[in-house]
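What follows is a single structure, written as structure tokens, with notes after it.
Residue numbers (this note's numbering): 35 to 284.
Quick look at the structure:
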């Protein structure tokens with residue numbers, strides 16, 4: 035579709051063969067992109083650059099005209115990260131039905147994000163070998179930066195994991211803690227980001243839906259609320275532990 039538009043432009047400019055394409059034709063065509071959003075411009079430039087490079091490599095043009103294509107960087111819009119107040123997180127957690135296997139899994143996943151601030155990918159890829167039950171800690175290598183991380187496994191979170199493993203987790207030989215609850219009972223793929231989890235329980239809690247309110251928003255909320263409360267990093271498990279004590283079993 036993009037190259038067809040370029041061919042039409044060349045035709046209207048009196049160019050009817052590949053060898054007739056000149057740098058001025060490319061410059062004139064690019065000016066027609068004015069007014070389009072960044073992503074559209076980026077895609078069209080990439081398509082045209084590949085097209086021109088192919089023409090040169092295939093011998094249809096004596097010069098690599100792709101060198102006349104301007105470089106264009108798509109800038110990401112800055113946005114304010116979504117965060118939840120402690121009472122809002124307490125309502126979200128309270129809505130999780132821990133009386134069924136999926137709810138037991140969701141409860142453990144949400145606590146890992148909200149209480150320990152673990153990234154979504156690290157929760158998804160958490161292995162049994164990375165949980166030290168005797169020392170009450172979780173030791174793993176972060177997916178994003180490949181740095182080792184050691185986090186405390188406080189009682190409420192530990193029991194949430196034990197309850198899920200004993201009563202909720204399907205029978206599976208997977209080395210990963212969290213698996214799918216529909217056959218085959220395998221580890222989540224790299225695209226399985228639990229993005230739906232928070233949104234589902236936000237609606238159940240009757241809270242206003244926010245932009246970027248996925249599981250990662252709980253990680254940002256932890257950092258934000260620690261700063262507000264001037265809570266030392268070393269005591270952040272106790273900070274959240276006080277919020278989730280005595281939650282009713284649903």
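For each residue, glycine too, the CB sits at the ideal point set by N, CA and C.
Who are the Cβ neighbours of residue i in its own chain at under 7 Å, not counting the five residues just before and after it?
{"i": "residue 49", "result": "55 and 59"}
{"i": "residue 235", "result": "126, 129 and 130"}
Could you check which residue in the options has the C-alpha nearest to that of residue i?
{"i": "residue 36", "options": "47, 69 and 83", "result": "83"}
{"i": "residue 139", "options": "158, 149 and 121", "result": "158"}
{"i": "residue 240", "options": "61, 124 and 42", "result": "124"}
{"i": "residue 86", "options": "149, 51, 74 and 242", "result": "51"}
{"i": "residue 215", "options": "161, 43 and 202", "result": "202"}
{"i": "residue 161", "options": "222, 149 and 64", "result": "222"}
{"i": "residue 62", "options": "168, 40 and 207", "result": "40"}
{"i": "residue 77", "options": "122, 168, 206 and 103", "result": "103"}
{"i": "residue 188", "options": "38, 165 and 65", "result": "165"}
If you run the structure through DSSP and keep just helix, strand and coil, what is residue i?
{"i": "residue 46", "result": "helix"}
{"i": "residue 159", "result": "coil"}
{"i": "residue 189", "result": "helix"}
{"i": "residue 166", "result": "strand"}
{"i": "residue 211", "result": "coil"}
{"i": "residue 206", "result": "coil"}
{"i": "residue 283", "result": "A caution first: residue 283 carries a pLDDT of 42, below 50, which makes its placement in the model unreliable, though a value can still be read off. It is coil, neither helix nor strand."}
{"i": "residue 119", "result": "coil"}
{"i": "residue 173", "result": "strand"}
Just checking my contact of residue i with residue j at CB under 8 Å: how many whole Å lie between their CB atoms?
{"i": "residue 184", "j": "residue 171", "result": "6 Å"}
{"i": "residue 211", "j": "residue 220", "result": "With 8 Å as the limit, residue 211 and residue 220 do not qualify as a contact, their Cβ atoms being about 13 Å apart."}
Under 8 Å Cβ to Cβ from residue i, same chain only, skipping five residues before and after it: list those, please.
{"i": "residue 144", "result": "126, 127, 130, 231, 232, 235, 249 and 252"}
{"i": "residue 53", "result": "94, 95 and 96"}
{"i": "residue 155", "result": "177, 178, 224 and 227"}
Using a Cβ cut-off of 8 Å (strictly closer), state whether residue i contacts chain E.
{"i": "residue 164", "result": "In the structure shown, chain E does not exist; there is a single protein chain."}
Less than 8 Å between the beta carbons of residue i and residue j, yes or no?
{"i": "residue 70", "j": "residue 142", "result": "no"}
{"i": "residue 106", "j": "residue 79", "result": "yes"}
Between which residues of its own chain and residue i is the CB-CB distance below 6 Å, once the five residues before and five after are set aside?
{"i": "residue 238", "result": "129"}
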